[in-house]
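K.L.:
Now the structure itself:
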């Protein structure tokens, strides 16, 4: 996203929301990421990223932390180097953990408050207990906050490689929550697409989920526009089949074990990570 558009969007935000500097891609691919972090910091806004962690090292990592990055979550899928190789198609398992240690040391010695956590997926639902134990061994050894989740499908974009117990569908809460997802791009010729949520990754559902664009509309115009009203009405009436980008999403079903394990003492059922927002008690604003 062009930096000037990003700053224009920040200046439209009410209150002091937490800014997640990625939605479904790899934020460290942006070589000028520290400038976006700094833009948040200058406005008194906390910022955080979810990353595979490969490029978050050396001077680039230091620049991000010094710019005021509040939190980093490293995505590590696979509880060992060989399992990581299968799922991430990379031999960098040990490099990622080295980068985590480097960031923690740098933040500590420079007195920067930058929380570090890790994100993991169960790769075989028939072997949950074993994988959980293997993951937690590493999490505890490295002294980080960890989250282990079941696999999920991204709003039905992909055929999931698992079975899900399908309970009666109910709203996920996102259309009514004080949360907004803004992409860097959008429909042809546009930037700053506002989408229904962060789960509509890639074709075909991302394009269908666009609520408007902030390169030619204000956030208020999009938030209170017809497409958002249609989205909220469908969720309120449980008419999910009218929404291609919602109807097959896992988040419409209850699964008490979707978060398999965490050592985060502040985590609550229904809480949106990085916020105090609870999707089980949504309030339209």
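In this note's numbering, the protein residues as written are 777 to 1061.
C-beta atoms are modelled at their ideal positions from N, C-alpha and C, and glycine is treated no differently.
#1: Would you tell me roughly how many angstroms separate the C-alpha atoms of residue 887 and residue 838, rounded to the nearest one?
#2: Determine the direct distance from the alpha carbon of residue 885 to that of residue 936, and round the result to whole angstroms.
#3: Using only the alpha-carbon positions, how far apart do residue 901 and residue 855 sit?
#4: Can you grab the Cα-Cα spacing for the pair residue 926 / residue 871, in whole Å?
#5: Identify every residue that forms a DSSP beta bridge with residue 896.
#6: Identify whether residue 1045 lies in helix, strand or coil by the three-state DSSP scheme.
#7: Under 8 Å, with one C-beta from each stretch per pair, do the stretch 887–896 and the stretch 840–853 reach the 3-pair mark?
#8: Between residue 781 and residue 812, which are expected to be in contact by the criterion C-beta below 8 Å, what is the C-beta distance as a whole number of angstroms?
#9: What residues in its chain sit with their C-beta under 7 Å from that of residue 1010, if we drop five residues either side in the sequence?
#10: Counting only the same chain and skipping the five closest in sequence on each side, list residues whose C-beta sits under 7 Å from that of residue 1027.
#11: Looking at the secondary structure, which residues open and close the beta strand (DSSP E) in which residue 988 lies?
#12: Count the other C-beta atoms from every protein chain shown that fall within 10 angstroms of the C-beta of residue 1033, then say buried if there are 16 or more, exposed otherwise.
#13: Rounded to a whole number of angstroms, what is the C-alpha to C-alpha distance between residue 1002 and residue 970?
#14: Leaving out five residues before and five after residue 1030 in sequence, what residues of the same chain have Cβ atoms less than 6 Å from its Cβ?
#15: Buried or exposed: where does residue 875 fall if 16 or more other Cβ atoms within 10 Å of its Cβ makes it buried?
#16: Applying the 10 Å Cβ sphere with the 16-neighbour rule, what's the burial state of residue 934?
#17: With burial defined as no fewer than 16 other Cβ atoms inside 10 Å of the residue's Cβ, what is the status of residue 792: buried or exposed?
#18: Residue 823 bridges to which residues according to DSSP?
#19: Taking the CB atoms as reference points, tell me whether residue 922 and residue 938 lie closer together than 8 Å.
#20: Which complete beta strand (DSSP E) runs does the stretch 983–1036 hold, if anything under 3 residues is left out?
#21: At the level of alpha carbons, what is the spacing between residue 816 and residue 882?
#22: Is the distance from the Cβ of residue 827 to the Cβ of residue 802 below 8 Å?
#23: Alpha carbon to alpha carbon, what distance is there between residue 849 and residue 809?
P.N.:
In short:
#1: 12 Å
#2: 43 Å
#3: 14 Å
#4: 24 Å
#5: 924
#6: coil
#7: yes
#8: Rounded, the Cβ-Cβ distance is 11 Å, inconsistent with contact.
#9: 1016, 1018, 1019
#10: Cβ neighbours of residue 1027 beyond the five flanking positions: 948, 975.
#11: That run of the beta strand (DSSP E) goes 986–989.
#12: exposed
#13: 13 Å
#14: Excluding five sequence positions before and after residue 1030, the CB atoms of its chain that fall closer than 6 Å to its own CB belong to 943, given in chain order.
#15: buried
#16: exposed
#17: exposed
#18: 795
#19: no
#20: 986–989
#21: 21 Å
#22: yes
#23: 16 Å
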